[in-house]
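Data block below; observations after.
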Amino acid sequence: MGLFSRRKTVFVESDILVIGGGMAGCGATYESRYWGRDLKVVCVEKANIERSGAVAQGLYAINCYMGMQWDENQPEDHVRYARNDLMGLVREDLGYDIARHVDSTVHKFDEWGLPMMKDPETGRYMREGKWQIMIHGESYKPIVAEAARKAATEVYNRIMVTHLLMDKAKANRVAGAVGFNVRTGDYYVFRAKAVIVCAGGASHIFKPRSVGEGMGRTWYAPWSSASAYALPILAGAKMTQMENRIVLTRFKDGYGPVGAYFLHLKTYTENAYGKEYESTWYEHTKQLVGDYIDHRPVPTCLRNHAFLEEVKAGRGPIRMVTKEAFQDPHKETVGWENFLGMTVGQAVVWASQNIDPKHTNPELTTSEPYVMGSHATCSGAWASGPEDYAPSEYQWGYNRMMTVDGLFGAGDTIGGTAHKFSSGSYTEGRIAAKAAVNYVNDMGNERPQLSEDEYEKLEKVIFQPMENYRIGRNEIVAGTVSPHYLLPIHGLQRLEKIMDEYVGGIGSHYTTNDILLGRGLELLGMLKQDLDHIGAEDLHQLQRTWELQHRVLASECVTQHTLFREETRWPGYYYSADHPKLDDSDWHCFTLSQYDRNSGEWAMEKAPVFHIID
Ligand SMILES: Cc1cc2nc3c(=O)[nH]c(=O)nc-3n(C[C@H](O)[C@H](O)[C@H](O)COP(=O)(O)OP(=O)(O)OC[C@H]3O[C@@H](n4cnc5c(N)ncnc54)[C@H](O)[C@@H]3O)c2cc1C
Numbered sequence: 001m002g003l004f005s006r007r008k009t010v011f012v013e014s015d016i017l018v019i020g021g022g023m024a025g026c027g028a029t030y031e032s033r034y035w036g037r038d039l040k041v042v043c044v045e046k047a048n049i050e051r052s053g054a055v056a057q058g059l060y061a062i063n064c065y066m067g068m069q070w071d072e073n074q075p076e077d078h079v080r081y082a083r084n085d086l087m088g089l090v091r092e093d094l095g096y097d098i099a100r101h102v103d104s105t106v107h108k109f110d111e112w113g114l115p116m117m118k119d120p121e122t123g124r125y126m127r128e129g130k131w132q133i134m135i136h137g138e139s140y141k142p143i144v145a146e147a148a149r150k151a152a153t154e155v156y157n158r159i160m161v162t163h164l165l166m167d168k169a170k171a172n173r174v175a176g177a178v179g180f181n182v183r184t185g186d187y188y189v190f191r192a193k194a195v196i197v198c199a200g201g202a203s204h205i206f207k208p209r210s211v212g213e214g215m216g217r218t219w220y221a222p223w224s225s226a227s228a229y230a231l232p233i234l235a236g237a238k239m240t241q242m243e244n245r246i247v248l249t250r251f252k253d254g255y256g257p258v259g260a261y262f263l264h265l266k267t268y269t270e271n272a273y274g275k276e277y278e279s280t281w282y283e284h285t286k287q288l289v290g291d292y293i294d295h296r297p298v299p300t301c302l303r304n305h306a307f308l309e310e311v312k313a314g315r316g317p318i319r320m321v322t323k324e325a326f327q328d329p330h331k332e333t334v335g336w337e338n339f340l341g342m343t344v345g346q347a348v349v350w351a352s353q354n355i356d357p358k359h360t361n362p363e364l365t366t367s368e369p370y371v372m373g374s375h376a377t378c379s380g381a382w383a384s385g386p387e388d389y390a391p392s393e394y395q396w397g398y399n400r401m402m403t404v405d406g407l408f409g410a411g412d413t414i415g416g417t418a419h420k421f422s423s424g425s426y427t428e429g430r431i432a433a434k435a436a437v438n439y440v441n442d443m444g445n446e447r448p449q450l451s452e453d454e455y456e457k458l459e460k461v462i463f464q465p466m467e468n469y470r471i472g473r474n475e476i477v478a479g480t481v482s483p484h485y486l487l488p489i490h491g492l493q494r495l496e497k498i499m500d501e502y503v504g505g506i507g508s509h510y511t512t513n514d515i516l517l518g519r520g521l522e523l524l525g526m527l528k529q530d531l532d533h534i535g536a537e538d539l540h541q542l543q544r545t546w547e548l549q550h551r552v553l554a555s556e557c558v559t560q561h562t563l564f565r566e567e568t569r570w571p572g573y574y575y576s577a578d579h580p581k582l583d584d585s586d587w588h589c590f591t592l593s594q595y596d597r598n599s600g601e602w603a604m605e606k607a608p609v610f611h612i613i614d
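Everything in the sequence shown is counted per my numbering, starting at 1 for the first residue and increasing by one.
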């Protein structure tokens, strides 16, 4: 076929390879150049870093800023905050490391021209909440990308990375990555001394509330396809807290954010009958989680829990009371601007449904679960901590290096550190890059060796779906139904259905049990077998195929972790019906998994949680 004969193989040499040019990837690229003046720094991105990742559309607030110059908060305060919200389980060393550096990142954004809202009298950044500062952030991503572009030796846009490569000479050391250009179909082989994975979180592993043509409208970016997890998992890196999926309370149908409404506009929620409902569920929640319900602020999952129970009791919908706040013209403007700089779709949904929040209190809903390591949950890779701060059990090499040599990560990729958000993810990219430069320098003249056999075999595997389509396409039964292949969208819908019904999605009220999880794993196994028979009619569908492959592997990891943790740690995010209560005596720990790509087996273990800060 013409396409195959035209396909080129492009070899790229690098010292540091950054995979994914979102917030963390731009931070890693920028900082790699700062510490590694003479190094070859390459950033590879499946979209275009100008507008890629979760911040593509812009943001209205930077959610992680200490304000140490004005003594507003100290890093220790942020660790306490994140620990409380995650019901006790965070990597305090990693969180502290981000918090102590995050202000300098935000000051760079300010210097680079990001429009920050400032108090005209004090000159301080305007606060939306204790940790959030307000920005006019439509152009947030292009500004951040510009600095990365200038720092990189080369940015390769439109290349989807599918696999990491391992060193032929040294087991458990990364040597590079492979992928393909989603526009030309060229095959790319990257060799690198150090690799920093910054490939974002995972949406569309659970069935979304949006259906049909609206399916692409999810809260987390629909292009966040779990590569951040699948790439390290396949390379044998240990993962942590993958059961800690996030469910968000958001405005209905548009998934519009509620943070600015609660924090800045001081709106509040009520049930269908205009009543406050959270206190109704206090005793019930206390029986499940004990004193955690008395903590302030109330952990996010527990507020979700009250919402879900109230709806189950038949007193939904839950509404946000906007009518009072919107009488103030300033607050009304802020309310709308909050969407225009970040989630235009919510404003369009309200317009199309005749909802003017000045006159109608809009409905809220809870989202389908997502997997991510930078927002209010902490799924991701198990990483080594900072030399000056991490307990010895959390240190086996360089800061933010995973359990694979030379493999680093940041942002959604790294587990155990919730609440880093955009600024914290960028900061973690910088931290990982500094350590990666040290790693490369310490290697001296040694270079990882690629296995020709490995990358040639992978080329065949990666492009096989196009071959499947070419051979099978004339035997279509009807429409898109073929006896010889399934399409990526079919595989995706099957995955979402399995995760929804067996692993605790919206269809099962976020509830699962050990039997369901076991069956879910069997069905995921069958789906994995069928993925060998995906047909991709073009490069776009080939990208969809590999995104699906990554989502399926990450989903399997989520399911294994959920089965392993025998408690319900975060009611409101998910419920284990066999173990309905929080169990601090046995499960005040991290869960770790490791995948063996040869056998397909998962090994699970516990790791201790150290409370470094009082
Ligand atoms: C709806 C929403 C609202 C948010 N609101 C706020 C807010 O108000 N304030 C705030 O501070 N933070 C907010 N956040 C959080 C913030 O956006 C994230 O914390 C941050 O973007 C995470 O950075 P990251 O680099 O890990 O992922 P991303 O920024 O998503 O970057 C991942 C990058 O990897 C690329 N990629 C993925 N797979 C591959 C692959 N296989 N090959 C090559 N490239 C790949 C992607 O295209 C993307 O560019 C919000 C997030 C969302 C989704």
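Beta carbons: idealized from backbone N, C-alpha and C, even for Gly.
For this session: Compare the beta carbon distance of Q624 and S599 with 8 Å and say whether it is the shorter of the two.
Result: Outside the displayed span of the chain (1 to 614) sits residue 624, for which this structure offers no information.
Problem set entry | Candidates G254, I16, Y398: closest to T153 by CA position | I16
Problem set entry | Cβ neighbours of L248 in the same chain (closer than 6 Å, five flanking residues each side left out) | W219, S367
Exercise. Are the Cβ atoms of P357 and F326 separated by less than 8 Å?
Worked result: yes
Problem set entry | Span of the beta strand (DSSP E) around Q594 | 589-595
Exercise. Roughly how many whole angstroms lie between the Cα atoms of S104 and R91?
Worked result: 22 Å
Exercise. Contact check, H579 vs E567 under 8 Å by CB: the rounded distance?
Worked result: 5 Å
For this session: Would you mind working out which of E13, I49, L234 sits nearest G27, comparing C-alpha positions?
Result: I49
For this session: Identify the continuous beta strand (DSSP E) that holds R191 and give its terminal residues.
Result: 187-197
Exercise. Is any heavy atom in ligand 1 found nearer than 7 Å to the beta carbon of W112?
Worked result: no
Exercise. Does ligand 1 have even one heavy atom less than 7 Å from the beta-carbon of S392?
Worked result: no
Exercise. Counting Cβ pairs closer than 8 Å, one from the stretch 61-76 and one from the stretch 107-126, do we hit at least three?
Worked result: yes
Exercise. Can you tell which of W223, A169, P232 has its C-alpha closest to the C-alpha of M401?
Worked result: P232
Exercise. Under 8 Å, do G505 and L527 count as touching if we go by C-beta distance?
Worked result: no
Exercise. DSSP state of D578, grouped into three classes?
Worked result: coil
Exercise. Span of the alpha helix (DSSP H) holding I462?
Worked result: 452-472
Exercise. Within the 8 Å Cβ cut-off, does A24 reach chain B?
Worked result: The structure shown contains no chain B; it is built from a single protein chain.
Exercise. Given a threshold of 16 other Cβ atoms within 10 Å of its Cβ, counted over all protein chains shown, does P329 qualify as buried or as exposed?
Worked result: exposed
Exercise. Cα-Cα, which of L582, V558, T322, G316 is closest to I293?
Worked result: L582
Problem set entry | Assumed close pair E428, I98 - CB separation to whole angstroms, cut-off 8 Å | 6 Å
Exercise. Just to confirm, does F421 get its C-beta within under 7 Å of one of the non-hydrogen atoms of ligand 1?
Worked result: yes
Exercise. Quick one: what's F180 bridged to in DSSP?
Worked result: M160, Y187
Exercise. Can you tell me whether DSSP reads T512 as helix, strand or coil?
Worked result: strand
For this session: Taking all protein chains shown into account, decide if K8 is buried (16 or more other Cβ within 10 angstroms of its Cβ) or exposed.
Result: exposed
Exercise. Rounded to the nearest angstrom, how far is the Cβ of A175 from that of Q493, given a contact under 8 Å?
Worked result: Wrong, their Cβ atoms sit about 36 Å apart, outside the cutoff.
Exercise. Rounded to whole angstroms, how far is the Cβ of L164 from the Cβ of L234, which I believe are closer than 8 Å?
Worked result: 7 Å
Exercise. What is the residue span of the alpha helix (DSSP H) that G137 lies within?
Worked result: Element bounds for G137: not the alpha helix (DSSP H) but the beta strand (DSSP E), 133-137.
For this session: Work out the CA separation of M499 and W587 for me, nearest whole Å.
Result: 24 Å
For this session: May I ask whether a heavy atom of ligand 1 can be found less than 7 Å away from the beta carbon of A47?
Result: yes
Exercise. Taking just the CA atoms, how far does W570 sit from M604?
Worked result: 20 Å
Exercise. Under the criterion of a Cβ to heavy atom distance below 7 Å, does Y220 qualify as lining ligand 1?
Worked result: yes
Problem set entry | Nearest-angstrom Cα separation, counted from A177 out to A478 | 38 Å
For this session: Compute the beta-carbon to beta-carbon distance between T511 and A577, rounded to the nearest angstrom, for a pair I have assumed lies under 8 Å.
Result: 6 Å
Exercise. Whose CA, out of K420, I471, S14, lies closest to the CA of K193?
Worked result: S14
For this session: Determine the direct distance from the alpha carbon of G518 to that of P386, and round the result to whole angstroms.
Result: 37 Å
Problem set entry | Start-to-end residues for the alpha helix (DSSP H) that takes in W546 | 539-564
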